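K.L.:
There are 6 protein chains.
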Amino acid sequence: MPTLRVELMEGRTVEQKKALVQALTKAVVDTLGSKAESVDVLLFDIKRQDWATGGVLWSEKS
Amino acid sequence: MPTLRVELMEGRTVEQKKALVQALTKAVVDTLGSKAESVDVLLFDIKRQDWATGGVLWSEKS
Amino acid sequence: MPTLRVELMEGRTVEQKKALVQALTKAVVDTLGSKAESVDVLLFDIKRQDWATGGVLWSEKS
Amino acid sequence: MPTLRVELMEGRTVEQKKALVQALTKAVVDTLGSKAESVDVLLFDIKRQDWATGGVLWSEKS
Amino acid sequence: MPTLRVELMEGRTVEQKKALVQALTKAVVDTLGSKAESVDVLLFDIKRQDWATGGVLWSEKS
Amino acid sequence: MPTLRVELMEGRTVEQKKALVQALTKAVVDTLGSKAESVDVLLFDIKRQDWATGGVLWSEKS
Chain R
9 MPTLRVELME GRTVEQKKAL VQALTKAVVD TLGSKAESVD VLLFDIKRQD WATGGVLWSE
69 KS
Chain A
9 MPTLRVELME GRTVEQKKAL VQALTKAVVD TLGSKAESVD VLLFDIKRQD WATGGVLWSE
69 KS
Chain E
9 MPTLRVELME GRTVEQKKAL VQALTKAVVD TLGSKAESVD VLLFDIKRQD WATGGVLWSE
69 KS
Chain Z
9 MPTLRVELME GRTVEQKKAL VQALTKAVVD TLGSKAESVD VLLFDIKRQD WATGGVLWSE
69 KS
Chain W
9 MPTLRVELME GRTVEQKKAL VQALTKAVVD TLGSKAESVD VLLFDIKRQD WATGGVLWSE
69 KS
Chain B
9 MPTLRVELME GRTVEQKKAL VQALTKAVVD TLGSKAESVD VLLFDIKRQD WATGGVLWSE
69 KS
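Dropping the structure here:
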């Protein structure tokens, strides 16, 4: 039942996403004892122009 | 004031979304006594390659 | 698979929550054709001192 | 470390977003004493057909 | 209509929260031209044992 | 910079949380190549009376 939401800077490949969700799910199963089928992972690609750190959008950082 | 966020697999039509938000808002009004105008519903279309269950992306499931 | 997150002002009874999640789930089933078992609803009680509208916390409104 | 998520109706320009994240970050720094570098802001553009108030999608309002 | 969600490490006073929501709302009004009444801000106090950076809970950091 | 939010049924021990955030962070580092220090994980304990599946609160399931 654990549900994970992951916000990532855009640009990851589907292969990276496949590896990521598999590894995250295994991490939950190994440490909490959840069944894999009960784990949902949702990925959110965030554009560089929609994420700021220190008040500056990443699209503006050189 | 209740605010609802709904994560759906992508692919719903606008007609389905219209019916969904109307029904969800009515559900809140009927059970909590909120005024309809105070209910916000936000829909998030999630791509099949961004949602995994059991460690596998839905885009990979056959 | 639709997942709903609902933010509510604190103070609802468990009876109200039971009615709410039942009605919301029915709304999703009726309008999207989802199976009830695939619908998750999470409720978040927000304290009046943690919700502001118009720049004023609800705990400060008379 | 404060993290802000902002849901906006789609259509803001990058200039508006730049000004917004700068002003939000300053607001956190000024009132909480956080260091600017520790403040993350994520923006979510929501389409008018994905946001409803009062049970009606904004794309349907005239 | 912009909605802000702010995740903060627990321990802020109500006075700090009042100042924070006021400043955040003003930031939105000033940069986007929204009406103050349309801006909602929700604060989430996160316990040090529920926030990790670099794989370590803040409750474990000395 | 990836940020993870994890919603869990309440009742996990701090030891479980420590193991969980460590394993999740490692999963991100291993698959995306992120630096551990850039990974934030936030945990949300959800009460059984605030989570429903199939329209029934978990506090009502026997």
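Chains as they are written, first to last, in this note's numbering: chain R, 9 to 70; chain A, 9 to 70; chain E, 9 to 70; chain Z, 9 to 70; chain W, 9 to 70; chain B, 9 to 70. Just so you know, even glycine gets a beta-carbon here, dropped at the ideal spot from N, CA and C. Just so we're clear, the structure is a prediction, and the values are computed from it rather than from any experiment.
How would you label D48/R, buried or exposed, when you count the other beta carbons within 10 angstroms and need 16 or more for buried?
P.N.:
So D48/R ends up on the buried side.
K.L.:
Here's the rule I'm using: 16 or more other beta-carbon atoms within 10 Å means buried, otherwise exposed. How should T11/Z be labelled?
P.N.:
T11/Z should be labelled buried.
K.L.:
Please list the partners that G33/Z has in chain B, where partner means a Cβ-to-Cβ separation under 9 Å.
P.N.:
Checking the displayed sequence, the identity of residue 33/Z turns out to be Thr instead of Gly. Those within 9 Å of T33/Z in chain B number zero; the least Cβ separation is about 16 Å.
K.L.:
So, are the CB atoms of G63/A and T33/R less than 9 Å apart?
P.N.:
Cβ atoms of G63/A and T33/R: closer than 9 Å.
K.L.:
List the residues of chain A whose Cβ lies closer than 7 Å to the Cβ of T11/W, in chain order.
P.N.:
Within 7 Å Cβ-Cβ: T11.
K.L.:
Output the boundary residues of the alpha helix (DSSP H) element that contains V36/W.
P.N.:
Counting along the chain, the alpha helix (DSSP H) containing V36/W begins and ends at 22-40.
K.L.:
Do the segment 50-63 of chain A and the segment 19-29 of chain R touch if we need at least three Cβ pairs shorter than 8 Å?
P.N.:
Yes, the segment 50-63 of chain A touches the segment 19-29 of chain R.
K.L.:
Over what stretch of residues does the beta strand (DSSP E) that includes W59/R continue unbroken?
P.N.:
Element bounds for W59/R: 59-61.
K.L.:
So what does DSSP say about E18/R, is it helix, strand or coil?
P.N.:
Correct three-state label for E18/R: coil.
K.L.:
Taking the alpha-carbon positions, what's the T39/B to D38/R distance?
P.N.:
Computed Cα separation, rounded: 17 Å.
K.L.:
Are the C-beta of G19/E and some C-beta of chain W separated by less than 9 Å?
P.N.:
By this cut-off, G19/E is not an interface position.
K.L.:
Please go through the same chain and pick out, in chain order, the residues whose beta-carbon is closer than 6 Å to the beta-carbon of L65/E, but skip the five residues on each side of it.
P.N.:
The answer, listed in chain order, is Q57.
K.L.:
Which residues mark the beginning and the end of the beta strand (DSSP E) in which V49/Z is found?
P.N.:
Here the beta strand (DSSP E) through V49/Z covers 48-54.
K.L.:
Are the C-beta atoms of A44/Z and some chain R residue less than 9 Å apart?
P.N.:
Yes, its Cβ sits closer than 9 Å to a Cβ of chain R.
K.L.:
Thinking C-beta only, is S42/B closer than 9 Å to M9/B?
P.N.:
In contact: M9/B and S42/B (Cβ atoms closer than 9 Å).
K.L.:
Would you kindly work out how many angstroms separate the C-alpha atoms of E45/B and S70/R, rounded to a whole number?
P.N.:
Approximately 21 Å, taken between the alpha carbons.
K.L.:
By a C-beta neighbour count over all protein chains shown, 10 Å radius and 16 as the cutoff for buried, is E68/B buried or exposed?
P.N.:
E68/B comes out exposed.
K.L.:
Which residues of chain A have a Cβ atom closer than 7 Å to the Cβ of A27/E, listed in chain order?
P.N.:
Chain A residues near A27/E: T39.
K.L.:
Any beta-carbon of chain R closer than 9 Å to the one on D48/E?
P.N.:
Closer than 9 Å: yes.
K.L.:
Please say whether V14/B and V29/R have beta carbons closer to each other than 9 Å?
P.N.:
No, Cβ-Cβ distance for V29/R and V14/B is not below 9 Å.
K.L.:
Closer than 6 Å by C-beta to L50/E: which residues in its own chain qualify, once you throw out the five before and the five after it? Chain order, please.
P.N.:
R13.
K.L.:
In chain Z, what lies closer than 7 Å to L16/W by C-beta?
P.N.:
Chain Z residues near L16/W: P10.
K.L.:
Name, please, each residue of chain R whose Cβ falls closer than 8 Å to the Cβ of E68/A.
P.N.:
Neighbours of E68/A on chain R, chain order: K26.
K.L.:
Just how far apart, CA to CA, sit D53/B and T61/W?
P.N.:
Each residue's Cα considered, the two are about 18 Å apart.
K.L.:
Which chain E residues sit within Cβ distance under 7 Å of L65/B?
P.N.:
K25, K26, V29, listed in chain order.
K.L.:
Under 7 Å Cβ to Cβ from T21/W, same chain only, skipping five residues before and after it: list those, please.
P.N.:
Closer than 7 Å at the Cβ level, and outside the excluded window around T21/W, lies no residue.
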